[in-house]
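Engineer: Sharing a structure below in C-alpha cells format, with a few things to ask.
There are 2 protein chains.
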Amino acid sequence: RPSLSYRPMMVTMAMSTSNKNKSYWTSVHEDIGAHLRQAVVVKEPVEVYEPMRHFVFAAPVNMAPVLCVAACELVGGHREQAIVAAAALHVMHAASFIHENLPLSDRTSLIPKSKPTMYHAFKPNTELLVADAMLPFGLELLASSDNPAGNNSGRILRVMVEMTRAMGSQGVVEGQYNELQCSQCDDDDRKLNGITDVEMTYETYKKKEGRLHACGAACGAILGGGSEKEIELLRRYGFYVGMIQGIVSRRLGPTEEIEELKKLAFKLREVNSFNDENAEVIFSLVDDNITHVLGFNLG
Amino acid sequence: RPSLSYRPMMVTMAMSTSNKNKSYWTSVHEDIGAHLRQAVVVKEPVEVYEPMRHFVFAAPVNMAPVLCVAACELVGGHREQAIVAAAALHVMHAASFIHENLPLSDRTSLIPKSKPTMYHAFKPNTELLVADAMLPFGLELLASSDNPAGNNSGRILRVMVEMTRAMGSQGVVEGQYNELQCSQCDDDDRKLNGITDVEMTYETYKKKEGRLHACGAACGAILGGGSEKEIELLRRYGFYVGMIQGIVSRRLGPTEEIEELKKLAFKLREVNSFNDENAEVIFSLVDDNITHVLGFNLG
Chain X
56 RPSLSYRPMM VTMAMSTSNK NKSYWTSVHE DIGAHLRQAV VVKEPVEVYE
106 PMRHFVFAAP VNMAPVLCVA ACELVGGHRE QAIVAAAALH VMHAASFIHE
156 NLPLSDRTSL IPKSKPTMYH AFKPNTELLV ADAMLPFGLE LLASSDNPAG
206 NNSGRILRVM VEMTRAMGSQ GVVEGQYNEL QCSQCDDDDR KLNGITDVEM
256 TYETYKKKEG RLHACGAACG AILGGGSEKE IELLRRYGFY VGMIQGIVSR
306 RLGPTEEIEE LKKLAFKLRE VNSFNDENAE VIFSLVDDNI THVLGFNLG
Chain F
56 RPSLSYRPMM VTMAMSTSNK NKSYWTSVHE DIGAHLRQAV VVKEPVEVYE
106 PMRHFVFAAP VNMAPVLCVA ACELVGGHRE QAIVAAAALH VMHAASFIHE
156 NLPLSDRTSL IPKSKPTMYH AFKPNTELLV ADAMLPFGLE LLASSDNPAG
206 NNSGRILRVM VEMTRAMGSQ GVVEGQYNEL QCSQCDDDDR KLNGITDVEM
256 TYETYKKKEG RLHACGAACG AILGGGSEKE IELLRRYGFY VGMIQGIVSR
306 RLGPTEEIEE LKKLAFKLRE VNSFNDENAE VIFSLVDDNI THVLGFNLG
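Going down the list, the protein sequences come from chains X and F. Quick note: the first sequence uses the numbering used here, first residue 56, plus one each step. Quick note: the second sequence uses the numbering used here, first residue 56, plus one each step.
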C-alpha cells in the first residue's frame, strides 16, 4: 500500500546563482519573521493582541518588507537598521488586508473572486477594531526603534512620512477604493467614464502593490544611508516589483506586461552604480522563479 | 408678525476670569481649526480627500487637541510647537469615530443609544476606507512637521509613540472593544463575569476618553520641552479631563463622580510648580461651564 504521508523530493545540485539568491531572500524573510515573533506578543488586552498576532501571521506575505531590508543592505547599511521598518510594513499591510476583506453591507459580494481571500477567524467587529489597532502598532514599532544615541531620528521620521503616504490616501487606500469601484462598475458605466476594465485594474495595482513596494525599497535605502539618487532608483525598482506582484497575485499573468516590467527593472540595473554582486541579488526578485519558489510563510 | 430669524441676546458684562479663560480656549480651538483647514484640502484622489475633509469637520470635537496646545504653552513652549500634533489628534479621533459608527453585521443595532451618532454621508465602504486613510494622514502631518534645523526629531518621535499607543490596542481600540462587549452583554453574562455595567462603562471611558486626553496633554508637554515631572503631571490631569468628558458625552452626568474627578484634578494644581496665571487657565477646563459653554465647532 502506498504511503499517504508527504515526502519531500530530494534533489542534489550545485549551489547555483539562483539558489544563492534564494537563500538570501529566505534569510531576510526569516529575520523579519523572528523580529515579528518577539515584537507581536499576546499580552493584555488579550482580546486585541490575540487576534492581532493571529492576523500578523495569517495575512498573505508580499515583497515590500524583504525589499526594504535588501535595499538597505545594497546601499551599504546593516540589516538591523531596516528590520523594524520591514516588520512595520508587514503589520500595516496585514491591517489593510483585513479591512479589505471585511463584510460590509454594500460590498459583501463584491470582493473580486480572483483575489486571495481571508478565513474569518473572528467576528467582523473584532476584525475591524484589531486592524484599527494594527496600523498604529506598526508605526509604534518604528517610532520606538529610535535610539537617541544613534542620531537617526531624522531618517526614521522621513520613513514614517513615506509609509503613512503609501498606506493612506495616496497609495493603498486609493487602490482599494479603485478596486471596489471597478468591481461595482458595469459595462455601461465604463463606457461612460471612457475607461476600460484593464485600465482600472492597472490603476489599482499601481496604487496598491506598486506604491507599497516602491515605499518598501525607498525606506530601506533611506535607513541604510543611501544617496537621493539611490533612494529614487530603488523606489522605481520597488514599483516594478510591486506591479509584477499585483499582476501575479490577481492570477492575471504571466502576461506580456510582466515581461515589459522585468525589462524596465533590469534597465535600472544597467544605469545604476550598483555594479556588483549585491545588485545581482536584489534584481533577482523580479525573476518569477524567485517570487514563486519562495512561498514565503511567516508562521 | 414676529421675526423667525435668530437674534443673539446681547449681554454686557465685565471681562470675568471665566470669560478670559473662555477666550483662551476659543483662540486655541480656532488656531487648530485654521491649521486643519489648510492641511486637509480636497485634492486628487478626490474620492478619498473629499470624504476625509467632510469627516474632519463633521466629527464631534473633544478636548484632547486643545489640551495638547495648552499643556505646551503651560510648560513654556510656543503654540506653533504643538498645533500640528493637536490637529493630528483631531484627525485620528475623527477616524476612530467613523469606524465606531460603521454598520457591521454583528453590531448594527448594538451601538449604545445614548452616544452621539453620525450622519452617514457616504456608503459604509467609503467610510471604512476614508478612516483607514485618516489615521496615517494624521501621523503624516506630525512626521512631516519635523524641521531638521529645529533639532526636535526626538520629541516628535516620542509623541508618535504616545499617539500610536493611545489610539491603538492600549487605548481607544481597547475602549471601543469594551464598549461593544458591554452593549452585547446581558445581565446573566455580567453576573458570570462578576462585573457590573457601571464598572464596564468606567473601563471604557478610562481607555477611550481618559487615555486619549492624557495623551494629548502629555504630548503638548513633551513638545513644549516640559520636564518629566511636568509631563506626567499633565498626563494625569488630561486623564481626569478625559474621564469627565467620557461621562458628560454619554449623558451620564452630572454625577458625584464628576465632582470627585474635579477634586482630583484641582489637587494636582496644588502639588505642582505651575502656581501662576497660566495654570489657572488650563485647570479651568475641568470646569463644566467652560466645556459646556464653548460648544466647539471646527467648521
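Cβ coordinates follow ideal geometry from the N, Cα and C atoms, glycine included. Please read all numbers here as calculations on a predicted model, not as lab measurements.
Give me the DSSP bridge partner(s) of X/L159.
Structural biologist: F/L159, per the DSSP bridge assignment.
Engineer: So what's F/T81 in DSSP terms, helix, strand or just coil?
Structural biologist: F/T81: helix per DSSP, three-state reduction.
Engineer: Our contact map puts F/A126 next to F/G279 with C-beta atoms below 8 Å; I'd like the distance itself, whole angstroms only.
Structural biologist: Indeed they touch by this definition, with Cβ atoms about 7 Å apart.
Engineer: Expressed to the nearest angstrom, what Euclidean distance is found between the alpha-carbon atoms of F/T163 and F/L157?
Structural biologist: Here F/T163 scores only 49 on pLDDT, less than 50, and its place in the model is too uncertain to base an answer on.
Engineer: Measure the alpha-carbon distance for X/H90 versus X/I286 and round it to whole angstroms.
Structural biologist: Their backbone Cα atoms lie some 24 Å apart in a straight line.
Engineer: Measuring alpha carbon to alpha carbon, tell me which residue in X/R92, X/M255, X/Q136, X/S282 is nearest X/N207.
Structural biologist: Among X/R92, X/M255, X/Q136, X/S282, the Cα nearest to that of X/N207 is on X/Q136.
Engineer: Using a Cβ-Cβ distance under 9 Å, would F/Y232 count as near chain X?
Structural biologist: At least one chain X Cβ lies under 9 Å of F/Y232.
Engineer: Along chain X, in chain order, which residues have C-beta atoms closer than 8 Å to that of F/V97?
Structural biologist: Within chain X, no residue comes near F/V97; the closest Cβ sits about 11 Å away, beyond 8 Å.
Engineer: Between the region 170–193 of chain F and chain X, which residues of the former have a C-beta closer than 7 Å to a C-beta of the latter?
Structural biologist: Listed by position along the chain: K178, P179, N180, L183, L184, D187, A188, L190, P191, F192.
Engineer: Nearest-angstrom Cα distance between X/V228 and F/L122?
Structural biologist: One C-alpha to the other measures close to 31 Å.
Engineer: For F/K168, count neighbouring Cβ atoms within 10 angstroms of its own Cβ and tell me buried if that reaches 16, exposed if not.
Structural biologist: Annotation note: pLDDT 48 at F/K168 (below 50); position unreliable, coordinate value reported separately. Flag for F/K168 reads exposed.
Engineer: Can you tell me whether X/S78 is buried or exposed? The criterion is at least 16 other CB atoms within 10 Å of its CB, across all chains shown.
Structural biologist: With fewer than 16 other Cβ atoms within 10 Å, it is exposed.
Engineer: If the criterion is Cβ atoms closer than 9 Å, does the pair F/Y295 and F/L323 meet it?
Structural biologist: In this structure, F/L323 lies closer than 9 Å to F/Y295 by Cβ.
Engineer: Under three-state DSSP, which class holds X/M189?
Structural biologist: DSSP places X/M189 in helix when its eight states are reduced to three.
Engineer: F/G293: which of F/Q93, F/E312, F/L316 sits nearest, CA to CA?
Structural biologist: Of the listed residues, the one whose Cα sits closest to F/G293 is F/L316.
Engineer: Between X/I313 and chain F, is any beta-carbon pair separated by less than 9 Å?
Structural biologist: Chain F contact via Cβ: absent.
Engineer: Measure the CB-CB distance between F/A143 and F/L184 and report whether it falls below 9 Å.
Structural biologist: Cβ distance not < 9 Å, so F/A143 and F/L184 don't count as in contact.
Engineer: Check whether the Cβ of X/P158 lies closer than 9 Å to any Cβ atom in chain F.
Structural biologist: Answer yes: the Cβ-Cβ gap between X/P158 and chain F drops below 9 Å somewhere.
Engineer: Which of the three DSSP states, helix, strand or coil, is assigned to F/E99?
Structural biologist: Three-state result, F/E99: coil.
Engineer: If contacts are defined as beta-carbon pairs under 8 Å, then X/V83 and X/V130 qualify, I think. What distance do you get, rounded to the angstrom?
Structural biologist: Not a contact, Cβ separation roughly 15 Å.
Engineer: Buried or exposed for X/E74, going by 16 or more other Cβ atoms inside 10 Å?
Structural biologist: It should be pointed out that residue 74 of chain X corresponds to Asn in this sequence rather than to Glu. Looking at its Cβ environment, which holds fewer than 16 other Cβ atoms inside 10 Å, X/N74 is exposed.
Engineer: Do F/F177 and F/H133 count as a contact pair if the criterion is CB distance below 9 Å?
Structural biologist: Result no, Cβ atoms of F/H133 and F/F177 do not sit closer than 9 Å.
Engineer: Would you report the Cα separation of F/A149 and X/A204, rounded to the nearest angstrom?
Structural biologist: Roughly 36 Å between the two C-alpha positions.
Engineer: Does X/E229 have its Cβ less than 9 Å from a Cβ in chain F?
Structural biologist: X/E229 counts as touching chain F.
Engineer: What separation, rounded to the nearest whole angstrom, lies between the Cα atoms of X/K284 and F/R210?
Structural biologist: About 29 Å.
Engineer: Cβ atoms of F/I153 and F/P120: under 9 Å apart, would you say?
Structural biologist: Taking 9 Å as the Cβ cut-off, F/P120 and F/I153 do not qualify as a contacting pair.
Engineer: Restricting to Cα atoms, I'd like to know which of X/H175, X/G301, X/T181 is closest to X/V101.
Structural biologist: Selected option, being the one with the closest Cα: X/T181.
Engineer: With a threshold of 16 other CB atoms inside 10 Å of the CB of F/Q300, please say whether the residue is buried or exposed.
Structural biologist: When all chains shown are included, F/Q300 counts as buried.
Engineer: From what residue to what residue does the alpha helix (DSSP H) around X/R305 run?
Structural biologist: Per DSSP, X/R305 belongs to no alpha helix (DSSP H) and is neither H nor E.
Engineer: Skipping 5 residues on each side, what residues in its chain have a beta carbon closer than 8 Å to that of F/A221?
Structural biologist: Hits under 8 Å: V227, R266, L267, A269, C270.
Engineer: At the level of alpha carbons, what is the spacing between X/V116 and F/T256?
Structural biologist: Answer to the nearest angstrom: the Cα atoms are 39 Å apart.
Engineer: Check the C-beta distance from F/V111 over to F/V96 and give it rounded, since I have them as a contact under 8 Å.
Structural biologist: With 8 Å as the limit, F/V111 and F/V96 do not qualify as a contact, their Cβ atoms being about 11 Å apart.
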